[in-house]
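Enquirer: What follows is a single structure, and I will ask about it in a moment.
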Amino acid sequence: MNFIDRSVKYSVLLAGAGAFGLAMVVGAAAYDGTNCKAPGNCWEPKPGYPEKVAGSKYDPKHDPKEVNKQAESIKGMEARNAQRVEYFKKTGKFVYDVSKIPSAN
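For reference, each letter of the sequence shown is one residue, going -28 to -1, 1 to 77 in mature numbering (1 follows the signal peptide of the UniProt record, and there is no 0).
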């Protein structure tokens, strides 16, 4: 009796998994929801969104000083990395904290 119970459970589990898998495949293939201009180019604006964003109410109007903050931080990072590499080439020791490099003080 135990063997029959296990085989029934196994067959019900297998049938359920098969039905679930079939439902997922059919659901995914039924509707993709996009009209793509090219493969991977499927963005569509909502109705009322302007063709050109600049000058419209959707234009973020970024402050140039705020935009330059990242460029300035990258320049500082590159300068610190140059100091680390120079010290490593001289001594063979890598020091992460630039303030601990003797030539940086």
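Don't be surprised by glycine CBs; every beta carbon is placed ideally from N, CA and C.
Using DSSP's beta-bridge definition, name the partner residues of ALA10.
Expert: Taking the first residue of the sequence shown as 1, we reach residue 10 at position 38. ASN13, per the DSSP bridge assignment.
Enquirer: Quick one: Cα of ASP31 to Cα of PRO17, how far?
Expert: In the sequence shown, residue 31 corresponds to position 59, counting from 1. In the sequence shown, residue 17 corresponds to position 45, counting from 1. Straight-line Cα distance between these residues: approximately 15 Å.
Enquirer: Please name the residue in GLU38, LYS65, VAL70 and LYS62 whose C-alpha comes closest to that of PRO48.
Expert: Taking the first residue of the sequence shown as position 1, residue 48 is located at position 76. Checking the sequence shown, residue 48 turns out to be Gly, not Pro. Closest option to GLY48, Cα to Cα, is VAL70.
Enquirer: Is there a Cβ of chain B sitting closer than 8 Å to that of ALA(-10), yes or no?
Expert: No chain B is present in this structure, which holds just one protein chain.
Enquirer: Just mark TYR21 as buried or exposed, buried being the case when its beta carbon has 16 or more other beta carbons within 10 Å.
Expert: Numbered from its first residue, the sequence shown carries residue 21 at position 49. Exposed, since its Cβ has fewer than 16 Cβ neighbours within 10 Å.
Enquirer: Can you give the Cα-Cα distance for ALA2 and PHE60, rounded to whole angstroms?
Expert: As a working note, residue 2 is residue 30 in the sequence shown. As a working note, residue 60 is residue 88 in the sequence shown. Confidence in ALA2 is poor, its pLDDT being 48 and thus under 50, which makes the residue's placement unreliable; the coordinate value appears in the next sentence. Rounded to whole angstroms, ALA2 to PHE60 spans 59 Å at the Cα level.
Enquirer: Can you tell me whether TYR68 is helix, strand or coil according to DSSP?
Expert: By one-based count along the sequence shown, residue 68 stands at place 96. Correct three-state label for TYR68: coil.
Enquirer: How would you write the range of the alpha helix (DSSP H) that LYS61 sits in, first residue to last?
Expert: Looking up residue 61 in the sequence shown gives position 89. Looking at the DSSP string, the run of the alpha helix (DSSP H) that includes LYS61 is 36 to 63.
Enquirer: What would DSSP say about PRO74, mapped onto helix, strand or coil?
Expert: Your numbering for residue 74 matches position 102 in the sequence shown. Looking at PRO74 - three-state DSSP - the assignment turns out to be helix.
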